[in-house]
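J.: Structure incoming, see below.
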Amino acid sequence: MIHHERLRPPPHDYPADEWNLIEKRYHPEFMSQLETMLALGNGYLGMRGCPEEGGPYAENSTLINGFYETRPIVYGEEAYGFPKTGQTILNVTDSKTIKLFVDDEPFWLPTANILSYDRRLNMKSGTLDREILWETPAGKQVLITSRRLVSFTDRHAAAISYRVTLLNASAPVVISSEMAANAPSPYSSTEDPRQTQAFVGPTLHHRAGYANDRRIALSHATEKSRLSLTCAIDHALEAECAHTYKTSHTEDFGQVAFTIEARADSPIQLTKYMVYHTSHTATAEELSGRAGWTLDRLKNQGFKALLTAQEQYLDDFWRRSDVQVRDVRADRTKRTTVEIQQAIRFNLFHILQASARAEDTGVPAKGLTGQAYEGHYFWDTEIYLLPFLTYTSPRIARNLLVFRYKMLDQARNRAKLLGHRGAMFPWRSIGGEEVSAYYAAGTAQYHINADIMYALRKYVHAAGDDQLLRECGAEMLVETARLWSDLGFYSDVKGGKFCINAVTGPDEYNTVVNNNAYTNLMARENLRYAVQTVDALRATDPEAYDALVRKTALEPSEVEAWRRAADSMYVPYDERLNIIPQDDNFLDREPWDFQNTPSDHYPLLLFYHPLNIYRKQVIKQADVVLAMFLLGSTFSGEAKMSNFEFYDPLTTGDSSLSSCVEAIIAAQIGDTDKAIRYGMAALLMDLADVGGNVKDGCHIASMGGTWMMLTYGLGGMRDDDGVLSFWPRRAPDDNATLRFPLTYRGRLLQVEIGLENAEYTLREGDYLVIRHETEELHLTDEKPVAIRRISRS
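Start counting the sequence shown at 17; every next residue gets the next number (our numbering).
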């Protein structure tokens, strides 16, 4: 639901463009939102879209994935098993500042006389571009053009091309390139639990630093997490005018100031190279050396080569990932079609920026666009991001699953602390330990174990990566199955069914409940996949099976116990309503009074005590409806319709993870109006600031959900039964076409849903078998295209 009427940017200042997010006029009232939307990153390094001049800004953060400091978690009342230590991503050394002075007068956006302005996020080049024509108080016109990138190919690198041209006069010019550590935090005490925690005092402690010619390096380390960081900058200046420079630095600050005797129509070109290196083990001296090597390489290559590599990387990404929607109605305005295409690409581009070089880390909930949620990794990655990555960038999907595997020992320790066998993955974490301080909506979400195994199964099937299953997946399956077997019990009250009590499902407005339907259904899939995998290894790969037994001390009796638990899993059902109750007591609760809830009192969690929410029949985000999507073959069309119609009016949409799932189910049951309404809410979650908090960072999981909404919802894609199939449907008045690529078993498939037909084309690879509804299609390099009629809903 969209509950608020928000201040909207004027369209003429933010024109629609398929490949760019454009700002044609400086609007300080939208500054914080634009910092998020125009952020750059590569999954390792992220920079918010703040002006080069060092301000103004709301949150001028530079973030490195997995670089955090720890802090004690303070409870009013302690209890056994509560996490003791929190982890918070840090705002590291800011290196992107370039200040400009003409006639010793600073260029400062809020006070400058701007004759023309154009700033844009270029999603084909992966750059933040800006062109400004500034008239100084003395009437001198200065053209300022800049291009900033965070490199996808050079993981540790970023660069800025900064060009100044005086158009109608000469003047002394100073360009001050700066770097600074330990900037004040914009966060203070807040009642919003989604915000980050602020530290008192500096978090980066000086270890080393040097200046050499136009190069500066500053090395810092954290006190408690013991992580080390070196940030280094270097410069190349091209100008026909006379110029000098001066380099200086302190423990937390560095500056290279260029003084130029600028002449009219004589461009001054500054290229600034920025590198970041981090480590758990390396010394400051070693990291400084690494940074030096990177800078040497970047300067030798030059900005043009860096940009060319960036554009080639993006070309390949869009070839594998671009989703295209076209409306063929003659009366449809071109602007609307362009806006939709822009929104799709904006979402996919930010997923890339959050994940591309996330190596040995997860993907934070906000990516690297803001510090909200403290840079933690959640279940978002497996359920909302990995489907997109699995079918477009399987290497990245594999990296993220391997990262989860590396948490396994910590997950075993957590399970032991909670009194369980097996492994319990953290609800939120950076370093692998559980850091959720609120167990009811954190640790109690045991479903994260099943979510990770669900993602593993989807990836292994789509990529055909049996090696990952043997080397990592099987061990995780054993330990997660052990936990479910230990957590649940056979209840006489429920007719001897296997029940799981005191858990929280995806809906955090109903916590610590018995038999949450989503949890039970996903746990059943987890158990079945574990049984299937162990049985297959024992039958076909005795060596791998023996290795698994050695690592886990697996007993054959355990596998039979998992099989029995899965077959006996209790799933609530209400015959009167013909629905699956969300949990044992959900239908006994008093419905929430939506009619008398003020529109500005959403999300409810910010305006009502948790107990007031927990005792009511109200839903934060899709729960049973999510299960119907993920386990679609388990539910009939009738069951999907009855459950959706029951739960939809109770769902607040207070979570950004809800709209995309509701759109998919609405599409599957033929509710076109709701599919479009929820689909547009998901698509525009950040661009239209649907939740009112885009200033804190992009909703990366919702962006992944947008891709699922397009492919699974509008495209009719199905894969939960282990077979890639398509069931496209068209409403009578639907005139949009949809095209998207999928990487499947090492082949590249293009799917196009037209007005009358679905067309499947094998773009790369020699052979592929898919299904159109129930018909099996064989695509080959000789006959790569199959066309089938689409049913009308």
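Backbone N, C-alpha and C fix where the C-beta goes; we use that ideal spot for every residue, glycine too.
1. Just to confirm, are residue 674 and residue 704 a CB contact at a threshold of 9 Å?
2. Quick check: the Cα distance between residue 655 and residue 533, rounded to an integer number of angstroms?
3. DSSP has residue 792 in a bridge; who is on the other side?
4. I need the DSSP call for residue 346, collapsed to helix, strand or coil.
5. Say whether the region 99-108 touches the region 44-51, bearing in mind that this needs 3 or more beta-carbon pairs closer than 8 Å, one atom from each stretch.
6. Would you kindly check if the distance between the Cβ of residue 114 and the Cβ of residue 162 is under 9 Å?
7. Just tell me which of 120, 458, 644, 735 has its CA closest to the CA of residue 595.
8. What residue range does the alpha helix (DSSP H) around residue 305 cover?
9. When you compare only the Cα positions, how much space is there between residue 313 and residue 293?
10. Identify whether residue 500 lies in helix, strand or coil by the three-state DSSP scheme.
11. By alpha-carbon positions, which one of 761, 410, 773, 768 ends up nearest to residue 783?
12. When the Cα of residue 632 is compared with those of 598, 302, 641, 353, which residue comes out closest?
13. In angstroms, rounded to a whole number, what distance separates the CA positions of residue 746 and residue 343?
14. With DSSP run on the structure shown, which of helix, strand or coil describes residue 581?
15. By a C-beta neighbour count over all protein chains shown, 10 Å radius and 16 as the cutoff for buried, is residue 617 buried or exposed?
16. When the Cα atoms are used, what is the spatial distance from residue 301 to residue 224?
17. With H, G and I counted as helix, E and B as strand and the rest as coil, what does DSSP make of residue 798?
18. Sorted by chain position, which residues of the same chain lie with C-beta nearer than 6 Å to residue 629's C-beta, five sequence neighbours on each side aside?
19. Between the region 438-445 and the region 488-500, do three or more beta carbon pairs fall short of 8 Å?
20. Should residue 372 be labelled buried (16 or more other beta-carbon atoms within 10 Å of its own) or exposed?
21. Name the two residues that bound the continuous alpha helix (DSSP H) containing residue 718.
22. Taking the beta strand (DSSP E) that residue 216 belongs to, which residues open and close that run?
23. Is it the case that the Cβ atoms of residue 270 and residue 249 are separated by a distance below 9 Å?
24. Can you tell me the Cα-Cα spacing of residue 683 and residue 641, whole angstroms?
25. Please list, in chain order, all residues of the same chain as residue 513 whose beta carbon is under 8 Å from its beta carbon, the five residues on each side excluded.
26. Let me know if residue 380 comes out buried or exposed under the rule of 16 or more other beta-carbons within 10 Å of its beta-carbon.
27. Three or more beta-carbon pairs under 8 Å between the region 131-144 and the region 162-178, yes or no?
28. Skipping 5 residues on each side, what residues in its chain have a beta carbon closer than 6 Å to that of residue 107?
29. Would a C-beta distance cut-off of 9 Å place residue 695 and residue 714 closer than the cut-off?
30. Measure how close the beta-carbons of residue 231 and residue 311 come, nearest whole angstrom, since I'm counting them as under 8 Å.
31. Run through DSSP, which three-state label would residue 294 get?
32. Which of the three DSSP states is assigned to residue 627 in this structure?
33. For residue 34 versus residue 339, is the C-beta spacing smaller than 9 Å?
34. Below 7 Å CB to CB, which residues in the same chain sit around residue 493 once its five sequence neighbours on both sides are set aside?
35. Tell me where the beta strand (DSSP E) around residue 146 begins and ends.
36. Note down, in chain order, each residue of its chain lying with its Cβ closer than 6 Å to the Cβ of residue 658, except the 5 sequence neighbours on either side.
T.: Judging by the given coordinates:
1. The residue you call residue 674 lines up with position 658 of the sequence shown. The residue you call residue 704 lines up with position 688 of the sequence shown. Their beta carbons are not under 9 Å apart, which means residue 674 does not touch residue 704 by this criterion.
2. The residue given as residue 655 occupies position 639 in the sequence shown. The residue given as residue 533 occupies position 517 in the sequence shown. Distance from the CA atom of residue 655 to the CA atom of residue 533, rounded to whole angstroms, is 14 Å.
3. The sequence position of residue 792 within the sequence shown is 776, counting from 1. DSSP lists 787 as partners of residue 792.
4. Within the sequence shown, the letter at position 330 stands for residue 346. For residue 346, the predicted structure reports a pLDDT of 47, less than 50, and the residue's modelled location is therefore unreliable. A value from the coordinates is still provided. In the three-state DSSP reduction, residue 346 falls in the coil class, being neither helix nor strand.
5. Contact between the region 99-108 and the region 44-51 is absent, because fewer than three Cβ pairs lie under 8 Å.
6. On the sequence shown, residue 162 is found 146 positions in, with the first residue counted as 1. On the sequence shown, residue 114 is found 98 positions in, with the first residue counted as 1. Between residue 162 and residue 114, the CB-CB gap stays under 9 Å.
7. Mapped onto the sequence shown, residue 595 falls at position 579. The shortest C-alpha separation from residue 595 is found at 644.
8. Taking the first residue of the sequence shown as position 1, residue 305 is located at position 289. Per DSSP, residue 305 belongs to the alpha helix (DSSP H) from 300-317.
9. For the purposes of this step, residue 313 is identified with residue 297 of the sequence shown, where counting begins at 1. For the purposes of this step, residue 293 is identified with residue 277 of the sequence shown, where counting begins at 1. Their Cα atoms are separated by approximately 15 Å.
10. Taking the sequence shown and counting its residues from 1, one reaches residue 500 at position 484. Helix at residue 500.
11. As a working note, residue 783 is residue 767 in the sequence shown. The residue from 761, 410, 773, 768 with its alpha-carbon nearest to that of residue 783 is 761.
12. What you label residue 632 is simply residue 616 of the sequence shown in a count that begins at 1. If you compare the alpha carbons of 598, 302, 641, 353 with that of residue 632, the shortest gap goes to 598.
13. If you number the sequence shown from 1, residue 746 lands on position 730. If you number the sequence shown from 1, residue 343 lands on position 327. Spanning the alpha carbons of residue 746 and residue 343 requires a straight line of approximately 13 Å.
14. If you number the sequence shown from 1, residue 581 lands on position 565. Of the three classes helix, strand and coil, the one that applies to residue 581 here is helix, per DSSP.
15. Position 601 of the sequence shown, counted from the first residue, corresponds to residue 617. Answer is exposed; the Cβ neighbour count stays below 16.
16. Taking the first residue of the sequence shown as position 1, residue 301 is located at position 285. Taking the first residue of the sequence shown as position 1, residue 224 is located at position 208. Rounded to whole angstroms, residue 301 to residue 224 spans 7 Å at the Cα level.
17. Walking along the sequence shown from the start, residue 798 turns up at place 782. Of the three classes helix, strand and coil, the one that applies to residue 798 here is coil, per DSSP.
18. Counting from one through the sequence shown, the residue named residue 629 turns up at place 613. Within the same chain, 525, 620 come within 6 Å of residue 629 by CB-CB distance, once the 5 residues on both sides are set aside.
19. Three or more Cβ pairs drawn from the region 438-445 and the region 488-500 lie within less than 8 Å of each other, which places the two stretches in contact.
20. Walking along the sequence shown from the start, residue 372 turns up at place 356. By the neighbour-count rule (16 or more Cβ atoms within 10 Å), residue 372 is buried.
21. On the sequence shown, residue 718 is found 702 positions in, with the first residue counted as 1. Taken as a continuous stretch (DSSP letters only), the alpha helix (DSSP H) holding residue 718 covers 716-724.
22. Residue 216 sits at position 200 when you count from the first residue of the sequence shown. Here residue 216 belongs to no beta strand (DSSP E), and DSSP marks it neither H nor E.
23. By one-based count along the sequence shown, residue 270 stands at place 254. By one-based count along the sequence shown, residue 249 stands at place 233. Taking 9 Å as the Cβ cut-off, residue 270 and residue 249 qualify as a contacting pair.
24. Numbered from 1 along the sequence shown, position 667 holds the residue referred to as residue 683. Numbered from 1 along the sequence shown, position 625 holds the residue referred to as residue 641. The straight-line gap from Cα to Cα measures roughly 13 Å.
25. In the sequence shown, counting from the first residue as 1, residue 513 sits at position 497. Result list for residue 513: 506, 507, 584, 585, 586, in chain order.
26. Here the question's residue 380 lines up with position 364 in the sequence shown. Residue burial annotation: residue 380 is buried, with at least 16 other C-beta atoms found within 10 angstroms of its C-beta.
27. The region 131-144 is in contact with the region 162-178.
28. In the sequence shown, the residue the question calls residue 107 occupies position 91. So the qualifying residues of the chain are 77.
29. For the purposes of this step, residue 695 is taken as the residue at position 679 of the sequence shown. For the purposes of this step, residue 714 is taken as the residue at position 698 of the sequence shown. It is not a contact, given that the beta carbons lie outside the stated cut-off.
30. Your numbering for residue 231 matches position 215 in the sequence shown. Your numbering for residue 311 matches position 295 in the sequence shown. Contact flag correct, Cβ pair sits at about 6 Å.
31. As a working note, residue 294 is residue 278 in the sequence shown. Under the three-state reduction of DSSP output, residue 294 falls in the strand class.
32. As a first step, residue 627 is located in the sequence shown; it is residue number 611 there, counting from the start. Annotated three-state conformation of residue 627 is helix, per DSSP.
33. As a first step, residue 34 must be located in the sequence shown, where it is residue number 18. As a first step, residue 339 must be located in the sequence shown, where it is residue number 323. Residue 339 sits away from residue 34, with the two beta carbons spaced by 9 Å or more.
34. Start at 1 with the first residue of the sequence shown, and residue 493 comes out as number 477. Counting only Cβ-Cβ distances below 7 Å, and skipping sequence neighbours, we find 469, 545, 546, 549.
35. For the purposes of this step, residue 146 is identified with residue 130 of the sequence shown, where counting begins at 1. 143-151 is the extent of the beta strand (DSSP E) around residue 146.
36. Counting from one through the sequence shown, the residue named residue 658 turns up at place 642. Result list for residue 658: 594, 595, in chain order.
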